[in-house]
Every structure is written in structure tokens, then in C-alpha cells.
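Number 91 in my numbering belongs to position 104 of the sequence shown; there are no gaps in the numbering. Following: one structure in C-alpha cells, then a few remarks.
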Amino acid sequence: MPILVTGGAGYIGSHTCVELLNAGYEIIVVDNFSNSKPEALKRVGELTGKRFISYRADLLDREELEFIFTRHRIEAVIHFAGFKAVGESVRMPLEYYMNNVAGTIALCQAMAKFGIKKLVFSSSATVYGVPEKVPISEDFPLSAMNPYGRSKLMIEDILRDLAVSDTEWSIGILRYFNPIGAHKSGRIGEDPNGVPNNLMPYITQVAAGKLNRLSVFGDDYDTPDGTGVRDYIHVVDLAKGHLKALEKIFSSTGVEAYNLGTGRGYSVLEMIAAFIEASGMELPYTIVGRRPGDVGACFADPTKAGNELGWTADKGIAEMCEDAWRWQANNPNGYEEESIRMEQVRS
Ligand code: NAD
Ligand code: WQD
């Protein structure tokens, strides 16, 4: 029976689709392409040599969703679909709550209607707000600093309530730290719309000459070199974590949250040095003031995922930088073409 992957054309979703297909899973993808291109799915097919069905559909369209559940006997759902830009969420909170929270509710309602009660959900380290200390373990207090983060917190609460209301549900909440890098082939990777907000895509675009210089947001944090420290994790390691989470929800019920991070923090200046070393490119940068809402240091204690999922990240920072650069260098404009035939929900 197939796994339904919502948001499967996106950055993390596409890498997870590759890992699922390579591991022999059958998948069905649902994506409305609000932040991705069908070309990503075409390349997932090319990389794996496997065929799979994709739907251009919106989670908020109940009719479309139910059509998909009627047509396929889905075993479990990995739910990536959602909006993810922090700044945009501050400007457009209603859109974020609608898409992320209402979209997840619509998905869970459809799942319940069809008796599918196994879910892996993409949460984020942002649910820890400003952590009191690092490394961060799953039992730390949760809080939100912006509508995006609040949407993830709300969804986590909703999923916990759901699991209490019906003990047949089995839900894995994965709190990602900072995913970067790309598939080794250089065929799939992160394709941000417009000027990137996140560090690594900004770095690769500066190195490629698309942007002039990197602004380093603050050098007066309480960190070894004063710049922000994060737990960068290779997107392929992250993708593999979803397969481990699937195995876990197949053999248990209830809801559990897991940090997916390496447990090691790198500062912005360390990331710049690692990128220059890995790519051989120049990277002009200027230190500027702090970015509002940023925390100084954020990195995971990934012990729980190690013990309970049997998952640990094994790719280091050099490989993350090399793979991010290969993707950028080979695809200067990201995914350009829309060239895949999508299944139609309505004919
Ligand atoms: P992404 O934007 O690349 O992928 C999300 C996908 O969902 C896109 O393909 C988009 O078109 C699709 N989508 C959005 N709303 C939809 C809807 N209503 N119906 C159908 N499809 C819809 O993002 P990503 O980086 O791959 O992130 C995946 C998930 O992981 C998101 O939920 C995000 O919040 C979470 N996350 C991401 C990061 C990160 O840094 N990338 C960190 C922590 C958590
Ligand atoms: C990393 C470090 C910046 C850009 C965000 C979201 C979070 C999650 C992942 C989804 C910080 C510094 C950045 C730049 C810089 N997304 N930086 N110059 O802020 O840890 O997390 O993405 O859940 O919710 O908040 O990641 O990549 O933006 O920043 O100096 O141009 O790089 O200050 O220290 P962040 P990031």
C-alpha cells in the first residue's frame, strides 16, 4: 500500500520521495506547487528509475483530497505541505494559519474518514522559541516567536489532542533543525522563490554571482565567535529520518516528537569558511546588525531519535556545502521547466 506524501515536490519532500522510492515504497504525491515545480518530481522519477502518481491538488480542497483517498488505499501519510517563510508569516498570518493549520486539519479529517491513522508531520526547531540552553531536547518548553512558528505549535497540539481522542492514531512529529545541502546528483535541491531568507541558499547565490554579498546578521551573540550558531543537517540525512519515523509509527500508536539534528552547532563564520573550502569560490560578506527574532544558538540533542528511531545524521558540514554548491552550480535558475504530466482529480 502506498505512502501519501503531501508537499512531495518541495525541498525536503522531493529528497524524501527519492529515499522512499529507493527503499521500495510505493508513493503518491499531492502538491499544489505553490512553492515548487513539477520538474522536481520528474527528476525524482529520473533519479530513482521509478514511476509514481502525482496530483496537483490543494489540501484545503476537501473534494480533491477525498478523491485521492478513494482512488488509492493509502497506508500512511508524510505531511510536508505548508508555508514556511517566517517574515512572510508576520505579514500574512491568516494565510499561514489557513494553509498550515486548516490544511492539516483537512488532511486529518480525510485520513480519519478513510481509516488511515498513521502520520509523520514536519515540525520545526522553531517550536522551542528562545531556548534556555543548548543542546535542546524534546522536553524543553515550547513557544512561538512568529505566526509560522505558532502554526507549527498549534498543529502539534492538534495532533496530540487527536491521538488522545482516538488511540488508534500513530503520529510522529519531526522537529527539523536547519536542513541544507542537496542530493549528490545535483539534480534536486532547494529552489527558493526570489531572494533567499536562509543562510545556505543565500551563500550559494552570492558564490554564483546572483547576489552581491552576504550580510552576517550580528557578531555580538553569546557564542564562540559572536555569530549565530545553528544545527545544520544534510537534507538527505533528514529524508532518511522520515523512513525511520515511518517504521516507528507502523509498530506503535500514540504521538511522539523527535528532534532531527546532528547535535553539533556551527556559527555563520564557520559556515562561510566551510563553504569556501568546499566550493573553492569567493564569498564576500559584511557583518551587519542582528536580524530581529533571531536566537544566538540553537542546536539539537538528537538522543531520542537515536534511541527510539535508530536514526542519526552522518553527513558532515563539508559534504553539506559541497552538495549545496553542486546543486546551485548545475541549476543556476533552479527548476525552470514545467514538464510533467499530472494526474487530474477532475477530468
Ligand atoms: P517547501 O516549500 O519546499 O515544500 C512545501 C511543499 O508543500 C511545496 O511543494 C508546496 O508547493 C506544497 N504546499 C504548500 N501548501 C500546500 C497545500 N495547501 N496543498 C498542497 N501542497 C502545498 O518546504 P520544505 O523546506 O520542503 O519544508 C517542508 C516542511 O518542513 C514544511 O512544513 C516546513 O514548514 C517544514 N520545515 C522546513 C524547514 C526548512 O528549513 N526547510 C525547517 C523546519 C521545518
Ligand atoms: C541561520 C543563521 C542567521 C541569513 C529559519 C526559520 C526556522 C526554520 C529554518 C522552518 C542565523 C544567519 C542568515 C543571512 C545570516 N524554518 N544568517 N545572513 O533563522 O535558524 O531558521 O529557517 O521551520 O523556523 O526561522 O535559519 O538559515 O535563516 O539562519 O547571517 O543572510 O544564519 O542570523 O544565525 P534560522 P537561517
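Heads up, the beta-carbon is just placed ideally off N, CA and C, and yes, glycines get one too.
Could you spell out where the alpha helix (DSSP H) holding residue i opens and where it closes?
i, result
"Leu46", "Segment: none, Leu46 is in no alpha helix (DSSP H) and carries neither H nor E."
"Ile151", "The residue asked about is misnamed: residue 151 is Val in this sequence, not Ile. Its alpha helix (DSSP H) spans residues 134 to 152."
"Leu247", "Taken as a continuous stretch (DSSP letters only), Leu247 belongs to no alpha helix (DSSP H), being part of the beta strand (DSSP E) at 241 to 247."
"Leu7", "-2 to 9"
"Lys100", "90 to 100"
"Leu106", "Per DSSP, Leu106 belongs to no alpha helix (DSSP H); it is in the beta strand (DSSP E), 105 to 111."
"Val16", "First-last for Val16: 14 to 18, but that is the beta strand (DSSP E), not the alpha helix (DSSP H)."
"Arg78", "73 to 78"
Under 8 Å by Cβ, that's how I've got residue i and residue j pegged, so tell me the actual separation to the nearest angstrom.
i, j, result
"Glu50", "Ile160", "Between Ile160 and Glu50 the Cβ distance is about 28 Å, and since that is not below 8 Å, they are no contact."
"Leu46", "Gly90", "4 Å"
"Asn165", "Tyr208", "Their Cβ separation, rounded to whole angstroms, is 16 Å, which puts Asn165 and Tyr208 out of contact at 8 Å."
"Met258", "Leu186", "6 Å"
"Thr3", "Ile65", "6 Å"
"Leu34", "His229", "Between His229 and Leu34 the Cβ distance is about 17 Å, and since that is not below 8 Å, they are no contact."
"Gly335", "Leu129", "Nothing can be reported for residue 335: it is not among the residues displayed for the chain, which extend from -12 to 334."
"Ser157", "Lys100", "Not a contact, Cβ separation roughly 17 Å."
"Leu249", "Ala292", "Before going on, a small fix: residue 249 reads as Thr here, not Leu. At roughly 11 Å, the Cβ-Cβ gap does not stay under 8 Å, so Thr249 and Ala292 are not in contact."
"Glu75", "Tyr245", "Not really, about 27 Å apart at Cβ, beyond 8 Å."
"Met(-12)", "Glu62", "4 Å"
"Pro134", "Val282", "About 17 Å; that fails the 8 Å criterion."
For residue i, is the classification buried or exposed, using 16 other Cβ atoms within 10 angstroms of its Cβ as the cut-off for buried?
i, result
"Lys29", "buried"
"Ala226", "buried"
"Leu94", "buried"
"Thr339", "The question about residue 339 has no answer, for the chain in this structure spans -12 to 334."
"Pro289", "buried"
"Ile15", "buried"
"Asp153", "exposed"
"Val151", "exposed"
Taking the beta strand (DSSP E) that residue i belongs to, which residues open and close that run?
i, result
"Pro166", "165 to 167"
"Ser23", "From DSSP, Ser23 is part of no beta strand (DSSP E); its letter is neither H nor E."
"Ile(-10)", "-10 to -7"
"His229", "Here His229 belongs to no beta strand (DSSP E); instead the alpha helix (DSSP H) covers 222 to 237."
"Val64", "63 to 66"
Skipping 5 residues on each side, what residues in its chain have a beta carbon closer than 6 Å to that of residue i?
i, result
"Gly213", "Asp206, Asp207"
"Gly173", "Arg313, Trp314, Asn317"
"Gly136", "Thr113"
"Pro183", "Tyr189"
"Tyr(-2)", "Glu177"
"Val121", "Ala284, Phe286"
Residues in its own chain within less than 8 Å of residue i by CB, not counting five upstream and five downstream?
i, result
"Ser326", "Annotation note: pLDDT 48 at Ser326 (below 50); position unreliable, coordinate value reported separately. Excluding positions up to five away in sequence, the list reads Pro25, Glu26, Lys29."
"Ile145", "Val88, Thr91, Ile92, Cys95"
"Ile142", "Asn87, Val88, Thr91, Phe108, Ser110"
"Val203", "Thr214, Val255, Leu256, Ile259, Tyr272, Thr273, Ile274, Val275"
Just to confirm my understanding: we take residue i, look at its own chain, exclude 5 residues before and 5 after, and list those with CB closer than 7 Å. What are they?
i, result
"Arg200", "Val193, Pro271, Tyr272, Thr273"
"Gly0", "Val(-8), Gly(-6), Phe67"
"Asp148", "none"
- Item | 3 or more residues per run - each beta strand (DSSP E) lying fully within the region 241 to 317 | Entirely contained in the region 241 to 317, the beta strand (DSSP E) runs reaching 3 residues are, in chain order, 241 to 247, 272 to 275.
- Query: Along the chain, which unbroken stretches of the alpha helix (DSSP H) at least 4 residues long are found entirely within the region 158 to 219?
  - Reply: Complete alpha helix (DSSP H) runs here, min 4: 186 to 194.
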